[in-house]
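In the numbering used here, the protein residues as written are 1 to 273. Just below is one structure, and these are the notes that go with it.
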Amino acid sequence: MNNSPIGVFDSGVGGLTCVKELTKLLPHEDIVYLGDTARVPYGTRSKETIAEYTAQDMEFLRGHNVKMILVACGTASSVIMSSPEFSGNTEPSYSGVVMPAAHAACASTKNGRIGVIATGATIRSGSYGKVIRSIDPSAKVIGKACPMFVPLVENGYISKDCAPTRYFAEEYLECMKREQVDTLILGCTHYPLLADLISDIMGDGVKLISAGAELARFAVKTLTYSDELADREEQGSQKLYCTDSPELFSENVERFLGESFTGTVEKCVLTAH
């Protein structure tokens, strides 16, 4: 057993979709979350800059004695997979969203046509396609960058009936409908907040895969296998950190985790790696 907290980070608030699932699956675990809200979104940055930011995020969480780091950011996860500085054994262990979501998509698809919507950096990396084809070489992967989704979600434009968001969603998803995908990976952890709208456009026959939720399920399996689950009986704590306004961040926390959230929100400063 291990009562140290689980660390989770994202460029903004999107990774809270992972935290929400973690809290549901592992209610007795303490969670430390970092949202790098001062530098969101990562998806418009260079690979080198994303790698630098990611290293700083991970160092911050290690300073909180976490037993595992969950990279609840599709962009950072994709960069980690192709950056040599993140290879090799790292303590504590870490995992990104790409592998768990790719496995879930391959298990879900019936026609072998899998769509991936994510940030520009994630789509350019081809990370989802590489993992999916390593699992199923016959799969067809259709990727589409959706650069407007993160700022729309961060600013609360998430309603199924929101005209600006629907305009962009219909444009982004047109190729997915044309290619007749039956499984769509929401490759950025902000996107599940748009799931109702995306499902409305794609239709009931398309399975949506939440990268953040799949990462949370992967964490449960990993910690169970390694016998590192917490052995406490009481509800675990949630300490959330952001690098910009705690007030603005708190508004988004309620949107992601609900008004019943009882954890703490603090501003922090990241140090250069």
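For every residue, glycine included, the Cβ atom is placed at its ideal position computed from N, Cα and C.
Excluding five sequence neighbours on each side, which residues of the same chain lie with their C-beta closer than 8 Å to the C-beta of residue i?
i: Val-66; result: Ser-4, Pro-5, Ile-6, Gly-7, Val-32, Pro-92
i: Gly-35; result: Phe-9, Asp-10, Ser-11, Gly-12, Val-13, Gly-15, Leu-16, Leu-240, Tyr-241, Cys-242, Thr-243, Phe-249
i: Ala-121; result: Tyr-42, Gly-43, Thr-44, Arg-45, Lys-47, Ile-50, Thr-75, Ser-78, Val-79
i: Cys-268; result: Leu-34, Phe-60, Tyr-241, Cys-242, Thr-243
i: Ala-102; result: Tyr-128, Val-131, Ile-132, Ile-135, Ile-185
i: Phe-261; result: Gln-238, Val-253, Glu-254
i: Pro-139; result: According to the sequence provided, residue 139 is Ala. The question's Pro does not apply to it. Only Cys-106, Thr-109, Gly-112, Arg-113, Ile-114, Ile-132, Arg-133 meet the Cβ criterion.
Can you tell me which of the three DSSP states residue i falls into?
i: Asp-231; result: coil
i: Thr-75; result: helix
i: Glu-266; result: strand
i: Val-141; result: strand
i: Gln-56; result: helix
i: Lys-177; result: helix
i: Arg-255; result: helix
i: Ala-118; result: strand
i: Leu-194; result: helix
i: Met-148; result: coil
i: Cys-242; result: strand
i: Met-1; result: coil
i: Phe-9; result: strand
i: Ile-135; result: helix
i: Ser-83; result: coil
i: Leu-183; result: The identity of residue 183 in the sequence shown is Thr, whereas the question assumes Leu. Strand.
i: Leu-34; result: strand
i: Lys-221; result: helix
i: Lys-67; result: coil
i: Ser-95; result: strand
i: Ser-108; result: helix
i: Ser-226; result: coil
i: Ile-123; result: helix
i: Ile-158; result: coil
i: Leu-208; result: strand
Express the C-alpha separation of residue j and residue i in angstroms, rounding to a whole number.
i: Glu-171; j: Lys-207; result: 19 Å
i: Val-40; j: Val-181; result: 30 Å
i: Leu-26; j: Ala-118; result: 27 Å
i: Ala-216; j: Ser-95; result: 10 Å
i: Asp-30; j: Leu-70; result: 13 Å
i: Gly-236; j: Cys-73; result: 23 Å
i: Ser-245; j: Val-253; result: 12 Å
i: Glu-233; j: Glu-247; result: 31 Å
i: Leu-22; j: Ala-213; result: 8 Å
i: Asp-204; j: Val-19; result: 26 Å
i: Pro-137; j: Ile-209; result: 20 Å
i: Met-58; j: Glu-251; result: 25 Å
i: Ala-219; j: Lys-24; result: 13 Å
i: Ser-192; j: Ile-123; result: Looking at the sequence provided, one finds Pro at residue 192 rather than Ser. Going from the Cα of Pro-192 to the Cα of Ile-123 covers about 18 Å.
i: Asp-338; j: Ala-163; result: Because the chain spans 1 through 273 in this model, residue 338 falls outside it and cannot be assessed.
i: Tyr-225; j: Ala-104; result: 19 Å
i: Gly-53; j: Leu-223; result: The identity of residue 53 in the sequence shown is Tyr, whereas the question assumes Gly. About 26 Å.
i: His-64; j: Lys-177; result: 44 Å
i: Met-68; j: Pro-84; result: 20 Å
i: Cys-146; j: Glu-259; result: 28 Å
i: Lys-221; j: Pro-151; result: 32 Å
Answer yes or no: do residue i and residue j have a C-beta to C-beta separation smaller than 8 Å?
i: Ser-78; j: Ser-125; result: yes
i: Ile-201; j: Cys-175; result: no
i: Glu-197; j: Phe-149; result: In the sequence under discussion, the amino acid at residue 197 is Leu, which differs from the Glu named in the question. Cβ atoms of Leu-197 and Phe-149: not closer than 8 Å.
i: Met-81; j: Val-98; result: yes
i: Arg-113; j: Glu-179; result: yes
i: Met-1; j: Asp-161; result: no
i: Ala-211; j: Thr-183; result: no
Can you give me the Cβ contacts of residue i inside the same chain, cut-off strictly under 6 Å, excluding the 5 residues immediately before and after it?
i: Thr-264; result: Lys-239
i: Thr-37; result: Gly-12, Cys-242, Thr-243, Asp-244, Phe-249
i: His-28; result: Ala-230, Arg-232, Gly-236
CB-CB under 7 Å to residue i, same chain, minus the five flanking residues each way: which ones, in chain order?
i: Glu-266; result: Tyr-241, Pro-246
i: Phe-86; result: Ile-80
* To do: Give a yes or no on contact between the stretch 96-108 and the stretch 147-167, applying the rule of three or more CB pairs nearer than 8 Å.
  => Cβ pair count under 8 Å is below three, so no.
* Would you check if there are 3 or more beta carbon pairs closer than 8 Å linking the stretch 123-138 to the stretch 153-163? => These segments do not touch.
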